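Participant: A single structure is presented below for examination.
In the working numbering, the protein residues as written are 1 to 275.
So, in structure tokens, the structure goes:
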């Protein structure tokens, strides 16, 4: 026999469905460990989708390390509330963004919350946002496959799939495999793997040097029978753009990394659209 739903749980489910009802596709971007460039991938993929004409939102739900506003140059903005709903910050040219960073007193303020408080904040971020009509919502997840990640995927049952970000090092690839298993156990489809920091592109001669090796992401994708979305090389422009708050796909659209992000975004559109 199914457990009886309380009035409170029915109201919460209704609120969640109301929040997500006008969002066509939800893409979860996650990694098995920190430091692999997950937020850089999330921001550039979201902007690539927006530049293709899709109405796109970004949810930076990495509660203790929210970096997306910095990458878009809007870290000094504040969230507005209308009709008890959080209104996302508009990011030129046509993105909507919500992040824990907008609620902190300063960029140096740490989030010293225990699990239950953190889970409550995550739930509010998912339920109480007025996104309006979106073609894509890109969710930048906390690193790892712990309680936070599990709670998020359980709260968003309509997610179209996960994009797993890794780097070529063996330790990162090991954690990416854990992310793939996590997705399978959580019943979330895997869209594919992105190998970030895949070779350094010399800004003078264009030669590529595999500082962290290369090809591990593609090999892992083949072994685990998932799609390999592509490699994103290391370029000085990627770091500079992130620090200046202008993603590389907008600031250096002809660079190797920008082209890689755009191609990956196109693969995601084709994959999600075929389901």
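We put the beta carbon where it would ideally sit given N, CA and C, even for glycine. Only a predicted model underlies this, so the values are computations on that prediction, with no experimental measurement involved.
Which value, in whole angstroms, describes the spacing of the CA atoms of residue 94 and residue 199?
Facilitator: Here residue 94 is taken as the residue at index 94 of the chain shown, counted from 1. Here residue 199 is taken as the residue at index 199 of the chain shown, counted from 1. Going by the C-alpha atoms only, they are around 31 angstroms apart.
Participant: Relative to the C-alpha of residue 286, which residue among 132, 153 and 133 is closest?
Facilitator: Residue 286 lies beyond the range of the chain shown here (1 to 275); nothing can be said about it.
Participant: Under three-state DSSP, which class holds residue 31?
Facilitator: Position 31 of the chain shown, counted from the first residue, corresponds to residue 31. DSSP places residue 31 in coil when its eight states are reduced to three.
Participant: For residue 84, which three-state DSSP category applies?
Facilitator: Residue numbering aside, residue 84 sits at position 84 when the chain shown is read from its first letter. Residue 84: coil per DSSP, three-state reduction.
Participant: Buried or exposed: which applies to residue 204, given that a residue is buried once 16 or more other Cβ atoms fall within 10 Å of its Cβ?
Facilitator: By 1-based counting over the chain shown, the position of residue 204 is 204. Classification of residue 204: exposed, given that the 10 Å Cβ count is below 16.
Participant: Using only CA atoms, which one of 242, 240 and 215 lies nearest to residue 167?
Facilitator: Here residue 167 refers to the residue found at position 167 of the chain shown. Nearest option by C-alpha distance: 215.
Participant: Between residue 237 and residue 21, what straight-line distance do the alpha-carbon atoms span, to the nearest angstrom?
Facilitator: Walking along the chain shown from the start, residue 237 turns up at place 237. Walking along the chain shown from the start, residue 21 turns up at place 21. Distance between the alpha carbons of residue 237 and residue 21 is about 38 angstroms.
Participant: When the Cα atoms are used, what is the spatial distance from residue 118 to residue 242?
Facilitator: To locate residue 118, count along the chain shown from 1; it is residue 118. To locate residue 242, count along the chain shown from 1; it is residue 242. Cα to Cα, the separation comes out at about 27 angstroms.
Participant: Starting from the Cα of residue 82, find the closest Cα among 57, 92 and 128 and give me that residue.
Facilitator: As a first step, residue 82 must be located in the chain shown, where it is residue number 82. Nearest C-alpha to residue 82: 128.
Participant: Checking 9 angstroms against the spacing of the C-beta atoms, do residue 99 and residue 142 come in under that value?
Facilitator: Within the chain shown, the letter at position 99 stands for residue 99. Within the chain shown, the letter at position 142 stands for residue 142. No. Outside cutoff.
Participant: Check whether the segment 104-117 touches the segment 242-254, taking contact to mean three or more Cβ pairs, one atom from each stretch, closer than 8 angstroms.
Facilitator: Contact between the segment 104-117 and the segment 242-254 is absent, because fewer than three Cβ pairs lie under 8 angstroms.
Participant: Give every residue of the same chain whose Cβ lies closer than 8 angstroms to the Cβ of residue 245, excluding the five residues on either side of it in the sequence, and list them in chain order.
Facilitator: Locating residue 245 in the chain shown gives position 245, counting from the first residue. Cβ neighbours of residue 245 beyond the five flanking positions: 70, 71, 72, 73, 74 and 75.
Participant: Is DSSP giving residue 63 helix, strand or coil here?
Facilitator: For this step, residue 63 is matched to residue 63 along the chain shown. Of the three classes helix, strand and coil, the one that applies to residue 63 here is coil, per DSSP.
Participant: From residue 202 to residue 211, what does the alpha carbon distance come to, in whole angstroms?
Facilitator: By 1-based counting over the chain shown, the position of residue 202 is 202. By 1-based counting over the chain shown, the position of residue 211 is 211. Rounded to whole angstroms, residue 202 to residue 211 spans 12 angstroms at the Cα level.
Participant: Pick from 52, 149 and 66: whose alpha carbon is nearest that of residue 164?
Facilitator: Start at 1 with the first residue of the chain shown, and residue 164 comes out as number 164. Looking at the Cα atoms, 149 is the closest of the given residues.
Participant: Mind checking whether residue 162 and residue 126 have CB atoms under 9 angstroms apart?
Facilitator: Taking the chain shown and counting its residues from 1, the one referred to as residue 162 is at position 162. Taking the chain shown and counting its residues from 1, the one referred to as residue 126 is at position 126. For residue 162 and residue 126, no; Cβs fall outside 9 angstroms.
Participant: Quick check on DSSP: helix, strand or coil for residue 197?
Facilitator: For the purposes of this step, residue 197 is taken as the residue at position 197 of the chain shown. Note: residue 197 maps to strand in three-state DSSP.
Participant: Please report the distance separating the alpha-carbon of residue 280 from that of residue 189.
Facilitator: Residue numbering for the chain in the displayed model covers 1 to 275; residue 280 lies beyond these limits and cannot be assessed.
Participant: Can you list, in chain order, the residues of its chain with a C-beta nearer than 7 angstroms to that of residue 26? Leave out the 5 residues immediately preceding and following it.
Facilitator: Numbered from 1 along the chain shown, position 26 holds the residue referred to as residue 26. 137, 139, 156, 158, 159 and 160, listed in sequence order.
Participant: Taking 9 angstroms as the cut-off, decide whether the C-beta atoms of residue 196 and residue 53 are in contact.
Facilitator: For the purposes of this step, residue 196 is identified with residue 196 of the chain shown, where counting begins at 1. For the purposes of this step, residue 53 is identified with residue 53 of the chain shown, where counting begins at 1. Cβ distance not < 9 angstroms, so residue 196 and residue 53 don't count as in contact.
Participant: Apart from the five residues on each side of it in sequence, which residues of its chain come closer than 8 angstroms, Cβ to Cβ, to residue 311?
Facilitator: The chain is shown from 1 up to 275; residue 311 falls before or after that span and cannot be answered.
Participant: Out of 46, 96, 209 and 130, state which residue places its alpha-carbon closest to the alpha-carbon of residue 29.
Facilitator: Looking up residue 29 in the chain shown gives position 29. Of the candidates 46, 96, 209 and 130, the one whose C-alpha sits nearest the C-alpha of residue 29 is 46.
Participant: Kindly indicate which residue of 24, 85, 151 and 23 has the alpha-carbon position closest to the one of residue 122.
Facilitator: Start at 1 with the first residue of the chain shown, and residue 122 comes out as number 122. Selected option, being the one with the closest Cα: 151.
Participant: Would you kindly report the start and end of the unbroken alpha helix (DSSP H) that includes residue 283?
Facilitator: The displayed coordinates of the chain run from 1 to 275. Any statement about residue 283 would go beyond what the structure contains.
Participant: When you compare each of 87, 272, 90 and 78 to residue 103 by their alpha carbons, which one comes out closest?
Facilitator: On the chain shown, position 103 is the one that residue 103 refers to. That would be 78, whose Cα lies nearest to the Cα of residue 103.
Participant: CA-CA distance, residue 90 and residue 55?
Facilitator: Taking the first residue of the chain shown as 1, we reach residue 90 at position 90. Taking the first residue of the chain shown as 1, we reach residue 55 at position 55. Residue 90 and residue 55: Cα-Cα distance of roughly 12 angstroms.
Participant: Whole angstroms is fine: what's the gap from residue 31's alpha carbon to residue 85's?
Facilitator: Counting from one through the chain shown, the residue named residue 31 turns up at place 31. Counting from one through the chain shown, the residue named residue 85 turns up at place 85. Going by the C-alpha atoms only, they are around 29 angstroms apart.
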